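Residue numbers (our numbering): 33 to 410.
Note that the Cβ used here is the ideal one computed from N, Cα and C, for glycine as well.
In this text the structure is predicted, and so the values were computed from the model without any measurement.
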Amino acid sequence: MKIAIDGRGAFHYRGTGIGTYTWRLIDALEHGMYFDTPEDHLRVFFPGEEYRGITIQDQSPAFPHHGGDLWRDYFLDHALHQEGIELYHVPQNGIGLPKKKQCLETVTIHDMIPYVFPETVGKGYLKEFLGEMPKIMERCDGIITVSQCSKKDILRLFDYPEDRITVIAEAAEPIYHPIPKEKAKAHLRDHYGLMGDYIIYVGGYGIRKNVKALLVALSLLKHEENHRIQLVLPGKRHRDFDQLEQLAEALKIGDRVVFPGFLPVEELPYFYGGAELMIYPSMYEGFGLPPLEAMAMGIPVLAAKSSSLPEVLGDAAVYFDPLDSLELAEYIHALLRCEGKRRLMGEQGLARAKEFSWQRNAEETVAFWRRIMEIGAR
């Protein structure tokens, strides 16, 4: 079994859901005992050192580091043929399949957000996704997706054989594990000047993420919480950031909302670890890694009752209507007043997070590839 995987997402999208998925899948495959015979072979392709195998007078202009059509259509096409690859897997929603099909092809489709919530997706990505997805569905021989919710969307939107789709769950990264709250708070105080109790949201500022509802909920808290608890919103500034900042000021909670900016992955455990609650108000997720990361650290989670979140988080989270900021405020108020309930939720979340692992993801992925090779092309 000669398998190749597109590794570009692990390097170019690190810090995003797709980047984390690609990185952890490759890491688990490389460190597990899945390819331990001469007949079993895993090859990871990505722009960079791979270019050294190309004979061309001037590589730099033609093969930029980020990779592109020439990398896909020349190097990848050549390498798949020369190395006798039997199955090629693309983790980033199937975007970037070779121009010419030379072997079995499988993809990981994380979600169908451009179809379900097109107004929440950037114009460039929306055009690419809607243009490429019908072609991907037509040619790929098998699909991995990350939740039953995403699988249902795929089957609803496309006439694709259900027996060639499998659901393989993601997991929190190993860096997310319980740490003493005081240790986390001391780190945040010393490195970020963050002091006092806070609740946290992690996951981007786009419309679909529904962060405005969280700001409104914070403004509706009872008087004593409104003047004590802070809301920490880490993330990279982009077009939606200014609106959130302006809304916080308009709601008279600007002094309670902290925007620490983009954080390296290794800093996130401290931000989770010092929080009283993690709140995830997203309207739609293919999987939803951030609340599972918080659970892996023993932090209680309040999550929107939407899309895949109940499927992933199970009974370990408390759910709210993402369209009802008053309901969310009432839950926050009740939980902030009950340390025992938060402690119990943290324990339940920790147990839930342990049900997911990247080792299991890799095992199930390899089993899926073997099954697709057994049944062959569509």
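- Message: Could you check whether A111 and F77 sit closer than 9 angstroms to each other, using their CB atoms as the reference points?
- Response: yes
- Cross-strand partners of I285 (DSSP beta bridge): According to DSSP, I285 bridges with nothing at all.
- Taking the alpha-carbon positions, what's the F352 to K132 distance? 47 angstroms
- Proximity of V289 and L263 at Cβ, strictly below 9 angstroms: yes
- Message: Looking only at its chain, what residues have a beta carbon closer than 8 angstroms to the beta carbon of T87, apart from the 5 residues adjacent to it on each side?
- Response: For T87, the predicted model reports a pLDDT of 42, less than 50, meaning its position is unreliable; a value from the coordinates is still stated below. Excluding positions up to five away in sequence, the list is empty.
- Within this structure, are the beta carbons of K254 and F294 separated by less than 9 angstroms? no
- Buried or exposed: where does T177 fall if 16 or more other Cβ atoms within 10 Å of its Cβ makes it buried? buried
- Please report how far the alpha carbon of A328 lies from the alpha carbon of L367, in whole angstroms. 19 angstroms
- Sufficient close CB pairs (3 or more, under 8 angstroms) joining the region 193-212 to the region 389-396: yes
- Item | Of the residues E205, F400, G228 and R403, the one placed nearest A60, counting alpha carbons only | E205
- Item | Where the alpha helix (DSSP H) through R415 begins and ends | Residue 415 is absent from the model: the chain starts at 33 and stops at 410.
- Message: I want to know whether the region 117-128 touches the region 158-170 - three or more CB-CB distances under 8 angstroms.
- Response: yes
- Message: My assumption, with CB atoms under 8 angstroms, is that G238 sits in contact with T140. Please give the rounded CB distance.
- Response: Between T140 and G238 the Cβ distance is about 21 angstroms, and since that is not below 8 angstroms, they are no contact.
- Could you tell me whether the Cβ atoms of F107 and A216 are closer together than 9 angstroms? no
- Query: Is the beta carbon of L345 sitting closer than 9 angstroms to the one on T52?
  - Reply: no
- Task: Report the option in V248, C370 and Y224 whose CA atom is closest to the CA atom of E299.
- Result: Y224
- Beta-carbon gap between G306 and Y208 smaller than 9 angstroms: no
- Item | Short Cβ contact (9 angstroms threshold) for L341 with E317 | yes
- Item | In DSSP terms, what V264 is bridged to | I232 and V290
- Please look up how many angstroms separate the CB atoms of L129 and E118, rounded, as I've assumed it's under 8 angstroms. Actually they are not in contact, since the Cβ atoms of L129 and E118 sit about 16 angstroms apart, beyond 8 angstroms.
- Item | Bridge partners - E137, DSSP secondary structure assignment | Y120
- Query: If you count every other CB in all the chains shown that lies within 10 Å of the CB of R40, and 16 or more means buried, which is it?
  - Reply: buried
- Item | From R375, P313, M310 and A249, residue whose alpha carbon lies closest to that of I285 | A249
- Query: Of the choices R104, I145 and D274, whose alpha-carbon is the least far from that of S314?
  - Reply: I145
- Can you list, in chain order, the residues of its chain whose CB lies under 6 angstroms from that of E325, leaving out five sequence neighbours each side? A204 and Y208
- According to DSSP, what are the bridge partners of F77? D38
- Quick one: residues in its chain with C-beta nearer than 6 angstroms to the C-beta of I37, no 5 flanking neighbours on either side, listed in chain order? V76 and H121
- Query: Using CA coordinates, which residue listed in P212, V148, M310 and F161 is at the minimum distance from I232?
  - Reply: M310
- For my contact list, V350 and G381 are in at a C-beta cut-off of 8 angstroms; report their separation, rounded to the angstrom. Wrong, their Cβ atoms sit about 10 angstroms apart, outside the cutoff.
- Item | I176 - containing alpha helix (DSSP H), residue span | Premise fails: I176 lies in the beta strand (DSSP E), G174 to T177, not in any alpha helix (DSSP H).
- Message: Which residue marks the beginning of the beta strand (DSSP E) containing M310, and which one marks its end?
- Response: L309 to Y312
- Comparing alpha-carbon positions, which option in I175, D72, I58 and P292 lies nearest A409? I175
- Item | Status (buried if at least 16 other CB within 10 Å, exposed otherwise) for T54 | buried
- Task: Report buried or exposed for R403, applying the criterion of at least 16 other Cβ atoms within 10 angstroms of its Cβ.
- Result: exposed
- Anyone know if the C-beta pair for F388 and H142 falls short of 9 angstroms? no
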